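Read through the structure below, which is laid out as structure tokens, and then see the notes.
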Amino acid sequence: MYKVFDTGLKKFTSPNTAEQAISGLWRIDEIILNTIDIESLAKRIVNVMLEELGYLKFGYVIIVLSLLDKEKEHLKRISISETPHARKALKSSPIPFKKIVFSIEDKENLTVKSLLKNESYVTEDLSDMLHPAIDRSVVRQVQKNLGILTSLVFPIYAGTSPLGTIIFSLNKKETKISDFEKQILIGFTNATGIAIQHAYLLKKLREANEKLKEIDKLKDEFVSLAGHELRTPMTVIKSYLWLALSGKGGDLTDKLKDYLDKAYSSTDRLIKLVNDMLNVSRIESGRIAINVQKVDLVKLTEDVVGEVKPKFDEGGIKLIFNKPESQPFVIADPDKIKEVLINLVGNALKFTPKDGEIRINFEHKDGMVVTHVSDTGQGIGPEDLPRLFQKFSLIQKSYVTNKQATLGTGLGLYISKSIVKIHKGEIWAESDGIGKGATFSFSLKVYKQADFESMRKGHESKQSLGLIHREI
Numbered sequence: 001m002y003k004v005f006d007t008g009l010k011k012f013t014s015p016n017t018a019e020q021a022i023s024g025l026w027r028i029d030e031i032i033l034n035t036i037d038i039e040s041l042a043k044r045i046v047n048v049m050l051e052e053l054g055y056l057k058f059g060y061v062i063i064v065l066s067l068l069d070k071e072k073e074h075l076k077r078i079s080i081s082e083t084p085h086a087r088k089a090l091k092s093s094p095i096p097f098k099k100i101v102f103s104i105e106d107k108e109n110l111t112v113k114s115l116l117k118n119e120s121y122v123t124e125d126l127s128d129m130l131h132p133a134i135d136r137s138v139v140r141q142v143q144k145n146l147g148i149l150t151s152l153v154f155p156i157y158a159g160t161s162p163l164g165t166i167i168f169s170l171n172k173k174e175t176k177i178s179d180f181e182k183q184i185l186i187g188f189t190n191a192t193g194i195a196i197q198h199a200y201l202l203k204k205l206r207e208a209n210e211k212l213k214e215i216d217k218l219k220d221e222f223v224s225l226a227g228h229e230l231r232t233p234m235t236v237i238k239s240y241l242w243l244a245l246s247g248k249g250g251d252l253t254d255k256l257k258d259y260l261d262k263a264y265s266s267t268d269r270l271i272k273l274v275n276d277m278l279n280v281s282r283i284e285s286g287r288i289a290i291n292v293q294k295v296d297l298v299k300l301t302e303d304v305v306g307e308v309k310p311k312f313d314e315g316g317i318k319l320i321f322n323k324p325e326s327q328p329f330v331i332a333d334p335d336k337i338k339e340v341l342i343n344l345v346g347n348a349l350k351f352t353p354k355d356g357e358i359r360i361n362f363e364h365k366d367g368m369v370v371t372h373v374s375d376t377g378q379g380i381g382p383e384d385l386p387r388l389f390q391k392f393s394l395i396q397k398s399y400v401t402n403k404q405a406t407l408g409t410g411l412g413l414y415i416s417k418s419i420v421k422i423h424k425g426e427i428w429a430e431s432d433g434i435g436k437g438a439t440f441s442f443s444l445k446v447y448k449q450a451d452f453e454s455m456r457k458g459h460e461s462k463q464s465l466g467l468i469h470r471e472i
């Protein structure tokens with residue numbers, strides 16, 4: 001006959017006993033709570049007391065862990081201690097261990113009752129724990145053969161949420177269970193509940209992360225496919241609009257030319273957006289690797305200045321390159337760093353009024369070459385600085401002074417940051433506020449053979465896709 005197990009504790013008879021209990025509970029927490037995989041955890045739970053704390057010598061011969069399946073509404077055996085008594089019990093059982101399942105409607109079963117009532121029980125009849133899955137007479141014969149005199153069942157909870165039960169079978173009477181043992185049993189069960197809940201949460205988190213990765217992968221594939229499908233027809237439309245604006249199809253009225261000019265600008269903006277989205281997709285999916293070389297940053301900057309200068313002349317803005325007398329080479333992928341420079345210079349152009357100026361200069365410090373792109377434009381408010389390099393982040397339109405530049409995508413700085421990050425550099429922006437201009441800077445490693453070899457090895461196994469060239 002079973003009864004509620006009295007877990008009420010009296011004072012320990014000696015400081016030594018209290019110290020043993022505290023030490024044992026600390027060891028249990030250390031072992032169980034550091035195991036996060038649910039399967040490994042289940043095995044550790046049923047073996048830690050017997051093997052690592054030596055509870056076999058106290059008469060504990062079998063420990064069984066069962067967990068609640070909330071969807072199927074049943075209590076299922078998960079793990080059993082690896083002891084001689086447990087092996088004999090498994091061999092004698094007419095049902096495989098993990099097929100011993102109890103519906104939560106089996107209220108006569110003591111483990112189910114313990115779970116539902118959140119109560120600990122003790123019994124001298126092991127069949128109370130296994131009926132009706134296994135015939136009582138069979139269980140009692142096994143119990144007799146194993147010399148089991150007492151079995152305890154504790155409910156495992158996380159707060160108010162039931163998780164399962166744990167059974168302790170002993171070859172001694174209940175009266176021989178000391179207060180010290182009760183303290184350990186309670187602490188062990190509580191630690192088990194915390195550990196199982198922790199493992200469940202981590203499992204759910206891993207599953208959620210996997211789903212998010214899959215969704216993100218599908219998103220990248222969609223963006224890539226949609227981008228390529230859009231890019232070709234939009235380029236064709238832009239070409240025909242250019243032909244029409246150039247008078248290739250005949251004379252145009254001023255009104256019609258204005259309409260076509262707006263259509264051309266909008267088409268050009270859409271193509272830039274598609275190109276930027278394709279570049280972001282390639283970067284975020286890990287399909288961009290860098291082809292590092294020993295790069296003359298001065299020569300590369302001169303090429304960029306030559307490419308963008310017509311735009312500056314058109315807008316009446318000075319572009320000044322403070323060419324240094326000597327400049328160390330850097331480790332970089334020249335094509336991708338060129339995109340960074342074009343992005344930063346183009347960004348400065350957007351926010352600099354007519355008769356303003358933009359300067360490019362270098363600074364060599366701490367083994368890095370820092371490139372500064374400074375403008376005399378509208379500046380940036382302190383509330384906008386933290387958002388500058390985020391995806392699709394556009395600062396207030398009121399800052400924009402160049403009409404042609406108002407049609408941004410909010411991706412240029414994000415792409416630039418991603419490229420610089422791949423190069424193991426940093427990128428940042430500084431401004432004293434509205435009306436005081438801004439400086440955008442990025443750093444690259446000074447060329448050293450050891451660093452060059454290290455970076456090259458880190459990317460040589462990857463497929464390197466180029467970025468789609470971005471025009472101002």
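Following UniProt numbering, the numbering of the sequence shown begins with 1 at its first residue and continues without gaps.
Just so it is clear, CB atoms sit at the ideal spot from N, CA and C, and this is done for glycine as well.
Note that the structure is a prediction, hence the values are computed from the model and not measured.
Within its own chain, the residues whose Cβ lies closer than 6 Å to the Cβ of Ile-196, once the five positions on either side in sequence are excluded, are Leu-163, listed in chain order. Closest in C-alpha terms to Asp-276, from the list Asp-451, Gly-437 and Tyr-414, comes Tyr-414. Taking a C-beta distance under 8 Å as the contact criterion, Met-234 and Val-274 qualify as a contact pair. For Ala-438, the closest C-alpha among the options Gln-449, Asp-375 and Lys-76 is that of Asp-375.
Between the alpha carbons of Asn-291 and Ile-100 lies a gap of roughly 60 Å.
According to the DSSP assignment, Met-49 belongs to no alpha helix (DSSP H), since it is labelled neither H nor E. Under DSSP, Asp-69 shares a beta bridge with His-74. Taking 8 Å as the upper bound for CB-CB distance, Ile-283 and Ser-418 are in contact here, some 5 Å apart.
For Gly-250, the three-state secondary structure derived from DSSP is coil. The C-beta distance from Lys-173 to Leu-149 rounds to 6 Å, short enough to fall under 8 Å. Fewer than three pairs of CB atoms, one per stretch, sit closer than 8 Å, so the segment 34-44 makes no contact with the segment 125-140. The Cβ-Cβ distance between Leu-300 and Ile-360 does not fall below 8 Å. Using a 10 angstroms sphere on the CB of Ala-199, the tally of other CB atoms reaches 16 or more, which defines it as buried. Cβ neighbours of Val-139 within its own chain (closer than 6 Å, five residues either side excluded): Leu-126, Ser-127 and Leu-130.
For Ile-342, the enclosing alpha helix (DSSP H) covers residues 334-350. Annotation: Pro-155 is outside any alpha helix (DSSP H); the continuous beta strand (DSSP E) that includes it extends over 150-158.
Phe-180 is not a Cβ neighbour of Tyr-60, given a cutoff of 8 Å. Within the same chain, and ignoring the five residues on either side of Glu-357 in sequence, the residues whose Cβ sits closer than 8 Å to its Cβ are Ile-317, Lys-318, Leu-319, Ile-320, Asp-375 and Thr-376.
Ranked by Cα distance from Asp-261, the options Arg-269, Gly-247 and Leu-241 are led by Leu-241.
Shown here for Phe-102: same chain residues with a beta carbon closer than 7 Å to its own, the five before and five after excluded, namely His-74, Leu-75, Asn-109, Thr-111, Val-112 and Ala-133 in chain order.
In terms of CA proximity to Glu-124, Asn-171 leads the group Asp-69, Asn-171, Asp-355 and Ile-434. For Ala-438, the enclosing beta strand (DSSP E) has its first and last residue at 438-445.
In the three-state reduction of the DSSP assignment, Gly-164 falls in the strand class, which pools E and B. By the 16-neighbour rule on beta-carbons within 10 angstroms, Arg-387 is exposed.
Here the segment 362-374 makes contact with the segment 435-454; the two share three or more CB pairs at distances below 8 Å.
Within the model, the alpha-carbon separation for Pro-310 versus Asp-296 is close to 23 Å.
Close CB contacts of Ala-158 within its chain, under the 6 Å cut and outside five residues either way in sequence, are with Gly-193 and Gln-197 (chain order).
Residue state for Ala-226 is assigned as helix, using DSSP reduced to three classes.
Distance between Asp-303 and Lys-203, taken at the CA atoms: about 52 Å. In the structure shown, Ala-429 adopts extended strand secondary structure according to DSSP, grouped into three states. Inclusion of Pro-328 and Val-369 in the CB contact set at 8 Å is warranted, their separation being smaller than that value.
In the DSSP secondary-structure assignment, Met-277 is not bridged to any residue. With the rule of 3 Cβ pairs closer than 8 Å, the segment 425-432 counts as touching the segment 440-449. Contact annotation: Gly-315 and Lys-272 have beta-carbon atoms that are not nearer than 8 Å. Scanning its chain for C-beta atoms nearer than 7 Å, with the 5 sequence neighbours on each side dropped, one finds no residue around Glu-30.
Contact between Leu-116 and Leu-68 does not hold, since the beta-carbon distance rounds to 10 Å and is not under 8 Å.
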